[in-house]
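Trainee: Take a look at the following structure, please.
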Amino acid sequence: MLLAGKVAVVTGSGGGIGREIATAMAREGAKVVVNDVGASVTGTGGDATPGRQTVQLIEQAGGEAVLDTNSVAEWDSAQAIVNTALERFGRLDIVVNNAGILRDVIFHKMSPEDWLSVIGVHLNGSFFVSRAAATHFREQGSGCFVHMTSTSGLIGNVGQANYSAAKLGIAALSKSIALDMVRFGVRSNCISPFAWSRMIGAIPTDTPEQKARVAKLQQMTPDKIAPMAVYLASDLAKDVTGQIFAVRNNEIFLMGQSRPLRSVHHDGGWTAQRIADTAIPAMRASFYPLDRSADVFSWDPV
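Shown next as structure tokens:
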């Protein structure tokens, strides 16, 4: 059992990808804190039932789990999530930052609440829970973070400025954690999942293009994501940190990270006109188009 003796916190594990990760980790021997506020896809309301159902699934299979309904989006409640693991199981080894909400809307119609709520759960929540665990990871000289990013942030998508910004921020957060905490034996990686879930089910299907995108996503089930999370949390991945993996059905991709593509130099320095005349023409062939995730991953899931 790859995670025997380990304790995991999996946020947003009342259903979808989070539930599959929580149950998979339990099958591999981990004791699991099932964290879920039971809110709607847009972040409203609260119900302990989804999280309780995940706990029951783990226990029925012979595993150990405890329900936690604290929100990831506040500093104090994130501390409480970590404390649940420490008080119930005596330690913490794995944090999976999976909790999320969606409020998709075209940018020029996006409200401050649409922006703040999504940033609050995804980006702030990933920081708050990770920061709460970091002290304990440092003291014990080990620990693993698995964060959920998205190609909406890594590549781009329409109508998701809030979600895309949060998810790209999570990739940067993960890299910073990996750099800062490698000296303490702590690892941090990202998964960019392609899977049909309750949250993805909220994607609009108003146009033929949107309907086609959702039809492809429906082919990809959340259980396909869990093995990568289990691997990254296990000792098999003890030398893997600071990476971004995309998982789509039976495909695994190592995603790129920003590096210089082209450079130009002018001995006398640059003016705006020189940039227009020389620099931009030299670099234009390497410009990125305004593509979306679906444009880059344009073939059917394998």
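Counting along the sequence shown from 1, when you hit position 182 you're at 183 in the numbering used here, and nothing is skipped either side. Every residue gets a Cβ at the ideal spot worked out from N, C-alpha and C, and that includes glycine.
For Ala25, name the three-state secondary structure that DSSP assigns.
Mentor: helix
Trainee: Pull up the CB-CB distance for Gly16 and Pro51, whole angstroms please, since I reckon it's below 8 Å.
Mentor: 5 Å
Trainee: Is it the case that the CB of Thr208 approaches a heavy atom of the ligand ATP more closely than 8 Å?
Mentor: Of ligands this structure carries none, so the ligand ATP is not represented either.
Trainee: Can you round the beta-carbon distance between Thr70 and Gly39 to whole angstroms, since I take them to be within the 8 Å contact cut?
Mentor: Your pair Thr70 and Gly39 checks out as a contact, with CB atoms roughly 7 Å apart and the cut at 8 Å.
Trainee: Checking the sheet assignment: what are the DSSP bridge partners for Val60?
Mentor: A quick correction: the sequence has Glu, not Val, at residue 60. Beta-bridge pairing links Glu60 to no other residue.
Trainee: Cutting at 6 Å between CB atoms, please list the residues of its own chain near Ala133, excluding the five before and the five after it.
Mentor: Ala79, Gln80 and Val83
Trainee: Assuming Asn158 and Ala74 form a contact by the criterion Cβ under 8 Å, report the distance between their Cβ atoms to the nearest whole angstrom.
Mentor: Not a contact, Cβ separation roughly 22 Å.
Trainee: Taking contact to mean 3 or more Cβ pairs, one atom from each stretch, closer than 8 Å, check whether the stretch 167-184 and the stretch 208-216 are in contact.
Mentor: No, the stretch 167-184 does not touch the stretch 208-216.
Trainee: Give me, in chain order, the residues of the same chain whose beta-carbon lies closer than 7 Å to that of Phe185; leave out the 5 immediate sequence neighbours on both sides.
Mentor: Phe138, Arg139 and Gly142
Trainee: Taking only the alpha-carbon atoms, compute the straight-line gap between Gly243 and Val215 and give it to the nearest angstrom.
Mentor: 30 Å
Trainee: Measure the C-alpha to C-alpha separation of Ser127 and Asp77 and round it to an integer number of angstroms.
Mentor: The alpha-carbon atoms of Ser127 and Asp77 are separated by roughly 13 Å.
Trainee: Would you kindly report the start and end of the unbroken beta strand (DSSP E) that includes Val187?
Mentor: Val187 to Phe195
Trainee: With a floor of 3 residues, list each beta strand (DSSP E) that falls wholly inside the stretch 110-149, ordered by position along the chain.
Mentor: Whole beta strand (DSSP E) segments, 3+ residues: 144-149.
Trainee: How big is the Cα-Cα spacing for Asp224 and Phe195?
Mentor: 11 Å
Trainee: To which residues of the same chain is His148 closer than 6 Å at the C-beta, ignoring the five residues directly before and after it?
Mentor: Asn98, Ser127, Ile171, Ser175 and Cys191
Trainee: Taking all protein chains shown into account, do 16 or more other C-beta atoms lie within 10 angstroms of the C-beta of Thr206, making it buried, or fewer, making it exposed?
Mentor: exposed
Trainee: Just reading off the beta strand (DSSP E) that Ile156 is part of, what are its end residues?
Mentor: Element bounds for Ile156: n/a, residue is neither H nor E.
Trainee: Ser264 and Ile156 look like a contact to me (Cβ under 8 Å); what is the Cβ gap, rounded to whole Å?
Mentor: With a Cβ gap of about 23 Å, Ser264 and Ile156 do not count as contacting.
Trainee: Inspect the CB distances between the stretch 218-234 and the stretch 279-287 and report whether three or more fall short of 8 Å.
Mentor: no
Trainee: From the DSSP output, read off the bridge partner residues of Lys32.
Mentor: Val8
Trainee: Considering just the uninterrupted stretch of the beta strand (DSSP E) at Phe254, what are its terminal residues?
Mentor: Glu252 to Leu255
Trainee: With distance defined between alpha-carbon atoms, name the residue in Phe254, Asp240, Gly269 and Thr152 nearest to Val303.
Mentor: Phe254
Trainee: Are the CB atoms of Arg188 and Gly1 within a distance shorter than 9 Å?
Mentor: This structure leaves residue 1 out entirely; the chain is present only between 2 and 303.
Trainee: Alpha carbon to alpha carbon, what distance is there between Arg260 and Asp278?
Mentor: 24 Å
Trainee: Find the nearest neighbour of Met26 within the set Pro113, Val130 and Lys7, judged by alpha-carbon distance.
Mentor: Lys7
Trainee: May I have the straight-line CA-CA distance separating Val119 from Asn163, to the nearest angstrom?
Mentor: 6 Å
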